[in-house]
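Residue numbers (this note's numbering): 23 to 136. Ideal Cβ placement from N, Cα and C applies to all residues, glycine included. Only one structure is covered here, and it is reproduced in the block below.
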């Protein structure tokens, strides 16, 4: 089926098969989902996604600092941070929550593997 064909592209080995699905082998389905979650952390973030937009917002700080003359770095960067405080704060919060979620998933995967 389409699901099993796509599944082999998402994980390192064929764990989700027609037999697993038809026999409702929940342990193998859970193993597939665990493998899929472990791979998700390594996938790139789309720039058009909400997370990608927050990453771009935070990257703008680095670009602004790189484009600011050394003599004006403090005053120029402080002004930029002040002008963009709400969006930068929101982006930092989203990235923190994303990190916590990834840590929670990794913890669940570690406990599942034991």
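For residue i, is the classification buried or exposed, using 16 other Cβ atoms within 10 angstroms of its Cβ as the cut-off for buried?
i: residue 119; result: exposed
i: residue 85; result: exposed
i: residue 71; result: exposed
Going by the CB atoms, is the gap between residue j and residue i shorter than 8 Å?
i: residue 78; j: residue 69; result: yes
i: residue 73; j: residue 114; result: no
Only counting the same chain, and skipping five residues up and downstream in sequence, which positions put a Cβ closer than 6 Å to that of residue i?
i: residue 116; result: 76
Leaving aside the five residues before and after residue i along the sequence, list all residues of the same chain whose C-beta is less than 8 Å from its C-beta, in chain order.
i: residue 109; result: 79
Given residue i, which residues of its chain have a CB within under 7 Å of its CB, disregarding the five upstream and five downstream residues?
i: residue 99; result: 86, 87 and 90
For the segment 70-101, list the alpha helix (DSSP H) runs that are entirely contained and at least 4 residues long, ordered along the chain.
-> 72-88
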